[in-house]
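See structure below.
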Amino acid sequence: MPSFSESLSRKTQSDLEKLGVKVLTNTAVKEVRADSIITEGGEIPADTTVWAAGVKGVPAMETLGLPVTRGRIDVASTMQVTGFENVWAIGDIAGAINSDGTPLPMVAPVAMQQGRFIAKQLTSLATGRQLENFKYKDKGSMATIGRHKAIVEVKGIRISGPLAWVAWLWLHLFYILGGRNKIGTMADWTWNYLTFDRGNRHIMDSF
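Numbering follows our numbering, in which position 192 of the sequence shown is assigned residue number 1618; successive positions increment by one, without gaps.
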């Protein structure tokens, strides 16, 4: 879990292992077969394989004639496409770089901030003002792992366990639009909690 500290990542692994999950780290998948997975370290029997290895840029990006690196369009710090000052790219397709030199995560908060930023950039361009450099404001990350299990990391503050789980619930409700939707979601969660119904669990990263 690269968006979290090492201590919270270890906590997550421990919680998953208590749930019966075998966690393999630093293990690259070389081949997926009908009844097994081939890794660098050997073969893992598997009747069912669920691939959830993240996202990548749309393949069509490579057909636009724009500079692309690993499926993402190369952009300057102003979010202009490299070599094309009148073309802009944001969101998952943009290979924007963080201040520490690492690629920005392909998550909704990044795209939302970039969208607002581009609107200001276009206004500056139209009025003759100097363009600015995009700076992503990371408000923190959180993930729910299971019943009473979650992790939260906000500006160096790290929380895990039931308190983090409650924080995740509260924040998730906060961002749901409309009072009726909030009440409906609370009712569903309460029913699932009391009946131990194993419904879908959401993961919210970089809120």
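Glycine included, C-beta positions come from ideal geometry on N, C-alpha and C. Values in this document were obtained by computation on a predicted structure and should not be read as measured data.
*Taking the runs of the alpha helix (DSSP H) that are 4 residues or longer, which of them lie wholly in the segment 1463-1506?*
none
_Just to check my reading of the structure: I1519 and V1507 have Cβ atoms closer than 8 Å, yes? What is that Cβ distance to the nearest angstrom?_
Your numbering for residue 1519 matches position 93 in the sequence shown. Your numbering for residue 1507 matches position 81 in the sequence shown. Contact flag wrong, Cβ pair sits at about 10 Å.
*In whole angstroms, what is the alpha-carbon distance linking P1529 and L1597?*
Locating residue 1529 in the sequence shown gives position 103, where the first residue counts as 1. Locating residue 1597 in the sequence shown gives position 171, where the first residue counts as 1. Whole-angstrom Cα-Cα distance: 26 Å.
*Span of the alpha helix (DSSP H) holding F1543?*
Here residue 1543 is taken as the residue at index 117 of the sequence shown, counted from 1. Segment A1534 to T1553, the alpha helix (DSSP H) holding F1543.
*Along the chain, where does the beta strand (DSSP E) that runs through M1568 open and close?*
To locate residue 1568, count along the sequence shown from 1; it is residue 142. Element bounds for M1568: S1567 to G1572.
*asked:* Would you call the segment 1531-1547 in contact with the segment 1557-1573, where contact means no fewer than 3 C-beta pairs closer than 8 Å?
replied: yes
*Starting from A1576, trace the beta strand (DSSP E) both ways and give me its first and last residue.*
In the sequence shown, counting from the first residue as 1, residue 1576 sits at position 150. K1575 to V1580 is the span of the beta strand (DSSP E), which, as asked, contains A1576.
*Do the CB positions of T1438 and I1571 come within less than 7 Å of each other?*
The residue labelled residue 1438 in the question sits at position 12 within the sequence shown. The residue labelled residue 1571 in the question sits at position 145 within the sequence shown. Contact flag set, yes.
*W1617 classed as buried or exposed, judged by whether at least 16 other C-beta atoms fall within 10 angstroms*: For the purposes of this step, residue 1617 is taken as the residue at position 191 of the sequence shown. Exposed, by the Cβ-count rule.
_Cβ contact check for the segment 1581-1600 and the segment 1427-1434: 3 or more pairs under 8 Å_ = yes
_Candidates L1442, A1502, A1515 and G1468, of which the one nearest M1382 by Cα_ = Because the chain is modelled from 1427 through 1633, residue 1382 falls outside the range shown and cannot be assessed.
*I1523 bridges to which residues according to DSSP?*
Position 97 of the sequence shown, counting from 1, holds the residue named residue 1523. I1523 pairs with P1529.
*asked:* Do V1455 and T1465 have their beta-carbon atoms positioned less than 7 Å apart in this structure?
replied: Here residue 1465 corresponds to residue number 39 of the sequence shown, with the count starting at 1. Here residue 1455 corresponds to residue number 29 of the sequence shown, with the count starting at 1. Closer than 7 Å, so yes.
*Using DSSP bridges, identify the partner residues of R1584.*
Locating residue 1584 in the sequence shown gives position 158, counting from the first residue. Paired residues: E1579.
*asked:* Measuring only the C-alpha atoms, how far is L1640 from I1577?
replied: This structure gives no information on residue 1640, because the portion of the chain shown stretches from 1427 to 1633.
*Could you have a look at F1600 and say whether DSSP puts it in helix, strand or coil?*
The residue you call residue 1600 lines up with position 174 of the sequence shown. The answer is helix: DSSP assigns F1600 an H, G or I state.
*Cα separation between L1551 and A1502?*
Within the sequence shown, residue 1551 is the residue found at index 125, counting from 1. Within the sequence shown, residue 1502 is the residue found at index 76, counting from 1. Going from the Cα of L1551 to the Cα of A1502 covers about 15 Å.
*So which of L1557, R1555 and Y1619 has the shortest CA-CA distance to R1573?*
Residue numbering aside, residue 1573 sits at position 147 when the sequence shown is read from its first letter. When only C-alpha atoms are compared, the closest one is Y1619.
*Report buried or exposed for P1531, applying the criterion of at least 16 other Cβ atoms within 10 angstroms of its Cβ.*
If you number the sequence shown from 1, residue 1531 lands on position 105. Buried is the call here.
*What's the gap between the Cα of L1595 and the Cα of T1611?*
Locating residue 1595 in the sequence shown gives position 169, counting from the first residue. Locating residue 1611 in the sequence shown gives position 185, counting from the first residue. Their Cα atoms are separated by approximately 10 Å.
*Opposite E1457 in the DSSP bridges: which residues?*
Here residue 1457 corresponds to residue number 31 of the sequence shown, with the count starting at 1. The partner list for E1457 (beta bridge, DSSP) reads I1464.
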